[in-house]
């Protein structure tokens, strides 16, 4: 009997490139990525979610403690369940406090690790170095990735991708030499990934794609036995599906946790009907493709603007169907086409907007993982198209270098817009229309710089675009009250509430406005309603404590000051108010 030959996963498209060392290529890609992204170390926190995750989050700022670890695994703060993401932010605060450079450095390091892992994992899977390197370079340098790296709050994205790629690498090891412990490693890494970002629920689907190409583990790829071929195929395919069951169970559990955490920010079907969601999803698939090919006019937020026309929906659906049919038609000869296309379509499903979280049409950060599928198509497809062209290698080398250089320059500009909130939102307003969020958040940034008149103008512009925008009302109303225009503030707030909407801060502002007018009972009613919407809103507890003090109800006032103190983590202003109320209560008793 002859010696057993070591099984490899080499594909029919693999080039003979054993003379090239993947780590040398990786170093070049990593240095290029560093050159593009190094500027983030001088960037500030952004007033969109960075405050929730780090800048105004006392739990995170306290760093890694047992109490905070417990909080990370049980909280629904920021409308997500991702304990590993919270722990990573806590570690940053432990190391760098609130220095933005350290937090940006964390995102950058994970992006560099993801680039390296993508190259190494793809190379191991396919035994084809140059296409793998090109995918990694596109991933590292494409402008659509800038948001995930330059935005501190997107730590969940880069951290989730890190565990995604580790899971793929572990799965390759298991596929080559199946064993219980190797499989357990796959499950553990996948579970870690879900605890970093729930978008990883599509990983089992991607692993099934890898079984088709490049691993070729599906039934039709197994050598035919002498008898019982059909039965052999069924059992092999069934076993491969069975392998995914524990992963699917984890995905379902994570999805359930996420849906529960996101209830507060999930848009209802009444606000955005199912037809509109499906239409936007179809268009979004093509928009992401367009932005991949021509990454221009990228913004932090893309607002929904009106309803799509029927012909637009039909055209988008037709394009997607035609592309899918073509990919299926040539799948036997070009397996990577099917894998890349289904990777793209499948991994976007959790964020394509059927379950609408937030008010954006689509977002650059959602493409961080799905673009890998498109990059695979490009990296393996272009050489196949040019295989009969003379001087193919030279043409590919020159065109690749030119493309990556152009992308690096574009990405460098895109990253620069994330320097601070004012720069970011001013750019967004230049490249989008009717962007209520950009107007509102620019107003907040201007207020923080002491430019209050400009800030109020931005909030009014936000309300012109979106008259029932609660955040803009919540920002504008207190400034109107401060300027003695309580009635105008009350009108904004009442118009919002009368449309069947409610918002803790809007109710708080109504309370403040009525308090300013001396209508204390009306103020108390709105403060109480605000606390029903958000029981841990310390500012509302504080304001309610103040008006109860004015009514000489010191017992209740003390209770609300104590709650405010608990949720504001020993705020000195609240502490003084509590002390004063307790002293007055004592004097009244005496």
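Residue numbers (our numbering): 5 to 594. Note that beta-carbon positions come from the ideal geometry of N, C-alpha and C, so glycine has one too.
Query raised in the report: Taking Cβ to Cβ, would you say residue 449 is nearer than 8 Å to residue 303?
Result: no
Query raised in the report: Terminal residues of the continuous alpha helix (DSSP H) containing residue 70?
Result: Boundaries of the alpha helix (DSSP H) around residue 70: 70 to 78.
Report task. Specify the secondary structure class of residue 503 as computed by DSSP and reduced to three states. Result -> coil
**Report entry** Contacts around residue 147, its chain only, beta-carbon distance under 7 Å, and the 5 residues preceding and following it disregarded
**Finding:** 299, 302, 411, 414, 415, 418
**Report entry** Segment limits, alpha helix (DSSP H) that includes residue 445
**Finding:** 440 to 452
**Report entry** residue 617 - DSSP class collapsed to helix/strand/coil
**Finding:** Since the first residue shown for the chain is 5 and the last is 594, residue 617 is missing from the structure and cannot be characterised.
Query raised in the report: Is residue 364 helix, strand or coil by DSSP?
Result: Looking at residue 364 - three-state DSSP - the assignment turns out to be strand.
Report task. Label residue 152 either buried or exposed according to how many other C-beta atoms from any shown protein chain fall within 10 Å of its C-beta, with 16 as the threshold for buried. Result -> Buried, since its Cβ has 16 or more Cβ neighbours within 10 Å.
Query raised in the report: Can you tell me the Cα-Cα spacing of residue 404 and residue 200, whole angstroms?
Result: 33 Å
Query raised in the report: I think residue 2 touches residue 459, with their Cβ atoms under 8 Å apart; what is that distance to the nearest whole Å?
Result: Beyond the ends of the chain as shown, which are 5 and 594, falls residue 2; an answer cannot be given.
Query raised in the report: What did DSSP end up calling residue 218 once you bin it into helix, strand or coil?
Result: coil
Query raised in the report: Just to confirm, are residue 2 and residue 305 a CB contact at a threshold of 8 Å?
Result: Because the chain in this structure spans residues 5 to 594, residue 2 falls outside the shown range and cannot be described.
**Report entry** DSSP state of residue 230 mapped onto helix, strand, coil
**Finding:** Unreliable placement is indicated for residue 230, whose pLDDT of 39 sits below 50; no coordinate value is reported for it.
Query - Among 39, 505, 52, 479, nearest to residue 113 - alpha-carbon criterion - result: 39
Query - Outcome for residue 35 when other beta-carbon atoms lying within 10 angstroms are tallied against a minimum of 16 - result: In this structure residue 35 is exposed. Its beta-carbon is surrounded by fewer than 16 other beta-carbon atoms within 10 angstroms.
Report task. Evaluate residue 571 with the Cβ neighbour count: other Cβ atoms within 10 Å of its Cβ, from every protein chain shown; 16 or more gives buried, anything less gives exposed. Result -> buried
Requested in this report: With DSSP as the reference, please indicate the residues paired to residue 307 in a beta bridge.
Outcome: 364, per the DSSP bridge assignment.
Query raised in the report: Going by the beta-carbon positions, is the gap between residue 296 and residue 378 smaller than 8 Å?
Result: yes
**Report entry** Whole-number beta carbon distance between residue 308 and residue 365, since they are thought to touch under 8 Å
**Finding:** 5 Å
Query raised in the report: Can you name the start and end residues of the alpha helix (DSSP H) that residue 132 belongs to?
Result: Per DSSP, residue 132 belongs to no alpha helix (DSSP H) and is neither H nor E.
Query raised in the report: In this structure, does DSSP put residue 48 in helix, strand or coil?
Result: In the three-state scheme derived from DSSP, where H, G and I count as helix and E and B as strand, residue 48 is classed as coil.
Query raised in the report: Which same chain residues, not among the five before or five after residue 430, have their C-beta less than 7 Å away from its C-beta?
Result: In its chain, beyond the 5 residues on either side, 446 have a beta carbon closer than 7 Å to the beta carbon of residue 430.
Query - Whole-angstrom distance between residue 242 and residue 145, CA atom to CA atom - result: 39 Å
Query raised in the report: Apart from the five residues just before and just after residue 215, which ones in its own chain have a Cβ nearer than 6 Å to its Cβ?
Result: Within its own chain, the residues whose Cβ lies closer than 6 Å to the Cβ of residue 215, once the five positions on either side in sequence are excluded, are 221, 222, 244, listed in chain order.
Query - beta-carbon residue 144 near the ligand SAM non-hydrogen atom, thresh 7 Å - result: Of the ligands one can find in the structure shown there are none, so the ligand SAM has no counterpart to examine.
Query - residue 426 burial status per 10 Å Cβ neighbour count (16 or more: buried) - result: buried
**Report entry** Contact the segment 53 to 69 vs the segment 156 to 166: 3+ CB pairs below 8 Å
**Finding:** Counting Cβ pairs under 8 Å, three or more are found: they touch.
Report task. Report buried or exposed for residue 123, applying the criterion of at least 16 other Cβ atoms within 10 angstroms of its Cβ. Result -> buried
Query raised in the report: Is it true that the CB of residue 551 sits closer than 8 Å to the CB of residue 524?
Result: yes
Query raised in the report: In three-state terms, what does DSSP make of residue 111?
Result: helix
Report task. Assign residue 278 to one of three DSSP states: helix, strand, or coil. Result -> Three-state result, residue 278: helix.
**Report entry** Same chain, Cβ closer than 7 Å to residue 169, neighbours up to 5 away in sequence not counted
**Finding:** Taken in chain order, the residues that qualify are 118, 121, 122, 125.
Query raised in the report: In or out: residue 573 buried (at least 16 other Cβ within 10 Å) or exposed?
Result: exposed
Report task. Taking all protein chains shown into account, decide if residue 503 is buried (16 or more other Cβ within 10 angstroms of its Cβ) or exposed. Result -> It is exposed - the Cβ of residue 503 has fewer than 16 other Cβ atoms within 10 Å.
Query raised in the report: From 402, 85, 332, 437, pick the residue whose C-alpha is nearest to that of residue 255; which is it?
Result: 85
Query raised in the report: What are the boundary residues of the alpha helix (DSSP H) that residue 197 is part of?
Result: From DSSP, the alpha helix (DSSP H) with residue 197 extends over 184 to 198.
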